[in-house]
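Residue numbers (full-length UniProt numbering): 1 to 100.
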């Protein structure tokens, strides 16, 4: 899980204004606090997505077999990879990963 600072602006009264309680002496200031929220991926998002069709790839995918490109570890459905590689080859004259 990664943590990111999230700004949370809160207004505080200075100690002087609390002691005297006079409106004209109330010094207000805004202090920016940083809270850390934990971001997580739900279980279904931890699964890999196909680099071509962006659908989730499951272990027992009935549509087609799954393929991992060994150099970059991006996942593809076998049929999607075939189509993507053909398009990429026509464009660059080499078959390469369209995600990279």
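Every residue gets a Cβ at the ideal spot worked out from N, C-alpha and C, and that includes glycine.
| Check | Outcome |
| --- | --- |
| Residue range of the alpha helix (DSSP H) that residue 99 falls in? | Unbroken run through residue 99: none, as it is neither H nor E. |
| For the putative contact between residue 66 and residue 75, defined by C-beta atoms under 8 Å, what is the C-beta separation to the nearest angstrom? | 6 Å |
| If we ignore side chains and look at the alpha-carbon of each, how far apart do residue 49 and residue 84 end up? | 15 Å |
| For residue 99, which residues in the same chain have their Cβ closer than 8 Å to its Cβ, ignoring the five residues on either side in sequence? | 51, 72 and 74 |
| What's the gap between the Cα of residue 54 and the Cα of residue 80? | 10 Å |
| Hey, quick one: how far does the alpha helix (DSSP H) through residue 80 stretch, first residue to last? | 78-92 |
| With H, G and I counted as helix, E and B as strand and the rest as coil, what does DSSP make of residue 75? | strand |
| Could you check the C-alpha separation between residue 91 and residue 56 for me, to the nearest Å? | 26 Å |
| Looking at the structure shown, is residue 48 part of a helix, part of a strand, or coil, going by DSSP? | coil |
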